[in-house]
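*Asks:*
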Amino acid sequence: MGSINRLEEGVLATLLALMTILTFVQVVLRYVFNSGLVWSLEATTYLFAALVLFGMSYGVRTQTHIAVDLVTRRLPRRVEKIVNLAAILACLVYALLMLYGSAVFVDRLMILGNHARDIPLPKWLLTVTMPLGFTLLAFRFLEAGWRIFRGKRETEAGS
Amino acid sequence: MTAIFLLAMLFILLFIGVPVAVSLGFASVLTMLLFGDQSLLSSAQKFFHTMHVYPLLAVPFFILAGAFMTTGGVARRMIDFANALVGHFRGGLAMAALLASAFFAAVSGSAPATVVAVGSVMIGGMIASGYSKGFAAGVICNSGTLGILIPPSLVMVVYGAITESSIGRLFIAGILPGIVLTVVMMLTLVVIARRQNMPRQERASLQTVVRTFREALWGLMLVVIILGGIYAGIFTPTEAAAVSAVYAFLIAVFVYKDIGFKDVPGVLVDASRVTVMLMFIIANAFMFAFLLTTEQIPQFASELLVGMGLPVWGFLLLLNLLLLIAGNFMEPTSVVLILTPIVFPIAVDMGIDPIHLGILMIVNMQIGLVTPPVGLNLFVTAGVANMSLEDTVKASMPWLIVLLAVLMLITFVPWISLVIPELLLE
Numbered sequence: 023m024g025s026i027n028r029l030e031e032g033v034l035a036t037l038l039a040l041m042t043i044l045t046f047v048q049v050v051l052r053y054v055f056n057s058g059l060v061w062s063l064e065a066t067t068y069l070f071a072a073l074v075l076f077g078m079s080y081g082v083r084t085q086t087h088i089a090v091d092l093v094t095r096r097l098p099r100r101v102e103k104i105v106n107l108a109a110i111l112a113c114l115v116y117a118l119l120m121l122y123g124s125a126v127f128v129d130r131l132m133i134l135g136n137h138a139r140d141i142p143l144p145k146w147l148l149t150v151t152m153p154l155g156f157t158l159l160a161f162r163f164l165e166a167g168w169r170i171f172r173g174k175r176e177t178e179a180g181s
Numbered sequence: 115m116t117a118i119f120l121l122a123m124l125f126i127l128l129f130i131g132v133p134v135a136v137s138l139g140f141a142s143v144l145t146m147l148l149f150g151d152q153s154l155l156s157s158a159q160k161f162f163h164t165m166h167v168y169p170l171l172a173v174p175f176f177i178l179a180g181a182f183m184t185t186g187g188v189a190r191r192m193i194d195f196a197n198a199l200v201g202h203f204r205g206g207l208a209m210a211a212l213l214a215s216a217f218f219a220a221v222s223g224s225a226p227a228t229v230v231a232v233g234s235v236m237i238g239g240m241i242a243s244g245y246s247k248g249f250a251a252g253v254i255c256n257s258g259t260l261g262i263l264i265p266p267s268l269v270m271v272v273y274g275a276i277t278e279s280s281i282g283r284l285f286i287a288g289i290l291p292g293i294v295l296t297v298v299m300m301l302t303l304v305v306i307a308r309r310q311n312m313p314r315q316e317r318a319s320l321q322t323v324v325r326t327f328r329e330a331l332w333g334l335m336l337v338v339i340i341l342g343g344i345y346a347g348i349f350t351p352t353e354a355a356a357v358s359a360v361y362a363f364l365i366a367v368f369v370y371k372d373i374g375f376k377d378v379p380g381v382l383v384d385a386s387r388v389t390v391m392l393m394f395i396i397a398n399a400f401m402f403a404f405l406l407t408t409e410q411i412p413q414f415a416s417e418l419l420v421g422m423g424l425p426v427w428g429f430l431l432l433l434n435l436l437l438l439i440a441g442n443f444m445e446p447t448s449v450v451l452i453l454t455p456i457v458f459p460i461a462v463d464m465g466i467d468p469i470h471l472g473i474l475m476i477v478n479m480q481i482g483l484v485t486p487p488v489g490l491n492l493f494v495t496a497g498v499a500n501m502s503l504e505d506t507v508k509a510s511m512p513w514l515i516v517l518l519a520v521l522m523l524i525t526f527v528p529w530i531s532l533v534i535p536e537l538l539l540e
């Protein structure tokens with residue numbers, strides 16, 4: 023678990039650092055040297071998308087997604103477990119629906135075969151982070167659901 | 115029918131403990147599949163394109179700037195400066211805590227961060243100087259709410275992005291309400307301090323004032339860079355945010371030397387964790403807003419309200435009530451993301467200025483932060499002050515009157531929110 027943790031955190035930190043540096047350099051180039059990198063903004067937005075999509079599943083594992091636990095906390099143990107399982111089931115169905123939608127999205131982009139506006143890469147390659155992110159998310163929800171089912175955890179998302 | 119299903123689904127999901135982000139997304143996708151004519155493809159596109167909404171790029175950068183500012187001793191230096199300024203008045207330490215919160219709010223953009231940064235030093239300090247623990251906690255808990263009103267504010271970025279209002283304008287509009295609230299709280303402190311004969315400290319020498327100001331200046335410059343840069347037209351708010359993140363890194367590592375290079379990855383991880391948590395909610399909220407628009411739900415609500423002959427002041431009161439209730443159950447960004455797409459079109463129909471509406475929503479959210487059951491500032495203060503939640507609620511309650519009074523002022527005097535942007539940006 024430790025090495026997966028370090029890998030996930032390393033990827034997140036790198037993506038955020040890259041975004042920040044790119045945008046900062048762009049500002050400096052524009053105002054100090056009166057030039058700029060055309061691909062900078064587009065690259066930043068795709069890095070941003072990758073950060074969020076890759077981070078969603080990390081958020082499930084580290085329980086950082088905000089939930090309202092006001093009601094569930096006050097339920098009797100057994101009812102609480104059932105409600106928590108229902109909640110995780112909703113999460114799982116959501117992740118699978120979004121996975122399907124994003125797979126169709128990437129498929130359409132592959133058929134169209136467009137390149138990105140300023141980056142010399144096909145658009146689908148830059149968007150493939152989305153189905154990957156939702157696959158990981160579905161996997162983490164499944165894992166969390168299994169843990170609740172086995173009775174190891176009380177809530178699926180902390181505050 | 116569509117609207118009822120959507121909202122009922124949303125509330126059921128929220129109350130069975132589904133994360134806010136998933137509740138918004140799942141309710142929208144289900145409603146769309148059952149009643150709408152859009153496809154899952156369009157939902158996925160809407161989600162992905164949220165990260166291409168240019169103003170939202172400011173979110174990770176402001177969070178990162180705040181993370182660098184919170185790790186270092188920036189708060190301690192601001193406290194020293196505030197103390198040198200007002201410490202010699204009766205109740206001076208409490209005033210210094212309030213002032214330091216206002217300063218720190220201007221670099222952190224977050225209310226709980228302000229409570230932690232200022233509270234972890236000042237609550238102990240106030241107790242040691244003879245203040246009651248409850249009083250100290252109450253001051254910190256409430257002055258910490260300034261974090262989302264005084265610019266830069268993450269809640270403003272989110273509101274601006276979802277309503278397509280100018281974030282620069284919102285930031286500048288937040289200045290006067292922030293000052294008004296700080297002054298009103300300060301006057302309250304003066305009255306309480308007189309009545310309870312609270313302790314004062316020795317007057318700081320002019321040299322001390324100047325020295326502490328110089329120390330604090332590096333941190334305070336952050337808000338000057340952001341607001342000055344936006345006002346002068348040098349930066350967009352997104353660029354200002356990236357510049358402030360790099361600036362905060364340089365200050366923390368090279369000027370204040372509070373953290374070393376080896377601590378930087380940890381700060382980046384913390385900031386990305388918060389970014390992902392917020393953006394996951396925001397991306398789903400954009401799908402939710404998209405569905406509301408395509409199904410024309412706010413228009414129906416608007417026609418209904420106007421048809422009932424509801425006057426503007428009545429709508430504003432109703433809106434405050436709705437926001438206060440919602441703010442009691444969810445944290446500020448979630449409330450703004452869920453309610454803005456619904457109430458914004460109605461408010462615009464009624465002739466309410468979008469900037470005024472934004473400020474009004476934020477002051478409501480401030481109150482939500484200090485009211486049970488889920489006021490985030492209450493939890494954070496209870497943690498920092500090592501008090502029970504019940505005692506923290508009791509200590510914080512008297513300040514609610516002050517916040518509510520300022521809310522009414524800001525609701526019914528739009529001038530407070532609008533005068534500075536009109537003066538500066540026209």
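Quick note, the sequences are listed as chains E and Z, same order. Each residue of the first sequence is one higher than the last, beginning at 23 in our numbering. Each residue of the second sequence is one higher than the last, beginning at 115 in our numbering. Note that beta-carbon positions come from the ideal geometry of N, C-alpha and C, so glycine has one too.
Quick one: is Q480(Z) buried, meaning 16 or more other Cβ sit within 10 Å of its Cβ, or exposed?
*Replies:* Taking the second sequence and counting its residues from 1, one reaches residue 480(Z) at position 366. By the neighbour-count rule (16 or more Cβ atoms within 10 Å), Q480(Z) is buried.
*Asks:* Using a 10 Å radius around the Cβ and a threshold of 16 neighbouring Cβ atoms, would you call M312(Z) buried or exposed?
*Replies:* Locating residue 312(Z) in the second sequence gives position 198, where the first residue counts as 1. It is buried - the Cβ of M312(Z) has at least 16 other Cβ atoms within 10 Å.
*Asks:* So who's on the other strand from H137(E), going by DSSP bridges?
*Replies:* Start at 1 with the first residue of the first sequence, and residue 137(E) comes out as number 115. Answer is P144(E).
*Asks:* Identify the contact partners of P174(Z) in chain E, using a Cβ-Cβ distance below 8 angstroms as the criterion.
*Replies:* Stepping through the second sequence from its first residue, residue 174(Z) is reached at position 60. Within chain E, the residues near P174(Z) are L38, M41, T42, F70 and L73.
*Asks:* For G123(E) and G155(E), I'd like the C-alpha separation in whole angstroms.
*Replies:* Reading the first sequence from its first residue, position 101 is the one you call residue 123(E). Reading the first sequence from its first residue, position 133 is the one you call residue 155(E). Looking at the two C-alpha atoms, the distance is approximately 12 angstroms.
*Asks:* Step through the CB atoms of chain Z and report whether any lies within less than 8 angstroms of the CB of L92(E).
*Replies:* As a first step, residue 92(E) must be located in the first sequence, where it is residue number 70. True, the Cβ-Cβ gap to chain Z drops below 8 angstroms.
*Asks:* Below 8 angstroms between beta carbons: does that hold for G187(Z) and A318(Z)?
*Replies:* Against the second sequence, residue 187(Z) aligns to sequence position 73. Against the second sequence, residue 318(Z) aligns to sequence position 204. No, they are not a contact pair.
*Asks:* If you measure between the beta carbons of G248(Z) and S224(Z), is that distance less than 8 angstroms?
*Replies:* For the purposes of this step, residue 248(Z) is taken as residue 134 along the second sequence, with counting starting at 1. For the purposes of this step, residue 224(Z) is taken as residue 110 along the second sequence, with counting starting at 1. Taking 8 angstroms as the Cβ cut-off, G248(Z) and S224(Z) do not qualify as a contacting pair.
*Asks:* Check whether the segment 389–400 of chain Z touches the segment 437–454 of chain Z, counting contact only when three or more Cβ pairs, one atom from each stretch, lie closer than 8 angstroms.
*Replies:* The answer is yes - the segment 437–454 of chain Z touches the segment 389–400 of chain Z, with three or more Cβ pairs under 8 angstroms.
*Asks:* Pick out whichever of P425(Z), V230(Z) and F129(Z) has its Cα sitting closest to the Cα of N106(E).
*Replies:* Here residue 106(E) corresponds to residue number 84 of the first sequence, with the count starting at 1. Selected option, being the one with the closest Cα: F129(Z).
*Asks:* Compare the C-beta of L382(Z) with all C-beta atoms of chain E and state if any pair is closer than 8 angstroms.
*Replies:* Position 268 of the second sequence, counting from 1, holds the residue named residue 382(Z). Cβ-Cβ to chain E under 8 angstroms: yes for L382(Z).
*Asks:* If you check the beta carbons only, do T302(Z) and V516(Z) fall under 8 angstroms apart?
*Replies:* By one-based count along the second sequence, residue 302(Z) stands at place 188. By one-based count along the second sequence, residue 516(Z) stands at place 402. Yes, they are a contact pair.
*Asks:* By a C-beta neighbour count over all protein chains shown, 10 Å radius and 16 as the cutoff for buried, is A219(Z) buried or exposed?
*Replies:* As a position in the second sequence, residue 219(Z) is number 105, starting the count at 1. So A219(Z) ends up on the buried side.
*Asks:* Can you give the Cα-Cα distance for V49(E) and S62(E), rounded to whole angstroms?
*Replies:* By 1-based counting over the first sequence, the position of residue 49(E) is 27. By 1-based counting over the first sequence, the position of residue 62(E) is 40. When rounded, the distance between both Cα atoms is 10 angstroms.
*Asks:* For my contact list, I373(Z) and A366(Z) are in at a C-beta cut-off of 8 angstroms; report their separation, rounded to the angstrom.
*Replies:* Counting from one through the second sequence, the residue named residue 373(Z) turns up at place 259. Counting from one through the second sequence, the residue named residue 366(Z) turns up at place 252. 5 angstroms between Cβ atoms; contact.
*Asks:* Measure the C-alpha to C-alpha separation of I281(Z) and N256(Z) and round it to an integer number of angstroms.
*Replies:* Along the second sequence, read from residue 1 onward, the residue named residue 281(Z) stands at position 167. Along the second sequence, read from residue 1 onward, the residue named residue 256(Z) stands at position 142. The straight-line gap from Cα to Cα measures roughly 25 angstroms.
*Asks:* Residues in the same chain with beta-carbon distance under 6 angstroms from A198(Z), minus the five sequence neighbours each way, listed in chain order, please.
*Replies:* Stepping through the second sequence from its first residue, residue 198(Z) is reached at position 84. For A198(Z), where only same-chain residues beyond five positions count, the Cβ hits under 6 angstroms are A318, T322, V323 and T326.
*Asks:* Whose C-alpha, out of L40(E), F76(E) and A65(E), is nearest the C-alpha of L382(Z)?
*Replies:* Position 268 of the second sequence, counted from the first residue, corresponds to residue 382(Z). Ranking the options by Cα distance to L382(Z), first place goes to L40(E).
*Asks:* Which residue from V357(Z), A122(Z), R204(Z) and D467(Z) puts its Cα closest to that of Y53(E)?
*Replies:* In the first sequence, the residue the question calls residue 53(E) occupies position 31. Among V357(Z), A122(Z), R204(Z) and D467(Z), the Cα nearest to that of Y53(E) is on V357(Z).
*Asks:* Helix or strand or just coil, what does DSSP make of P153(E)?
*Replies:* As a first step, residue 153(E) is located in the first sequence; it is residue number 131 there, counting from the start. P153(E): helix per DSSP, three-state reduction.
*Asks:* If you measure from the beta carbon of G135(E) to each beta carbon in chain Z, is any gap under 8 angstroms?
*Replies:* In the first sequence, residue 135(E) corresponds to position 113, counting from 1. By this cut-off, G135(E) is not an interface position.
*Asks:* Going by other Cβ atoms of all chains shown within 10 Å of its Cβ, with 16 needed for buried, is H137(E) buried or exposed?
*Replies:* Here residue 137(E) corresponds to residue number 115 of the first sequence, with the count starting at 1. Classification for H137(E): exposed.
*Asks:* Compare the C-beta of V132(Z) against all C-beta atoms of chain E and say whether one is closer than 8 angstroms.
*Replies:* Locating residue 132(Z) in the second sequence gives position 18, counting from the first residue. So yes, V132(Z) belongs to the interface.
*Asks:* Do A496(Z) and S502(Z) have their CB atoms nearer than 8 angstroms?
*Replies:* Sequence index remark: in the second sequence, residue 496(Z) carries index 382 (1-based). Sequence index remark: in the second sequence, residue 502(Z) carries index 388 (1-based). In contact: A496(Z) and S502(Z) (Cβ atoms closer than 8 angstroms).
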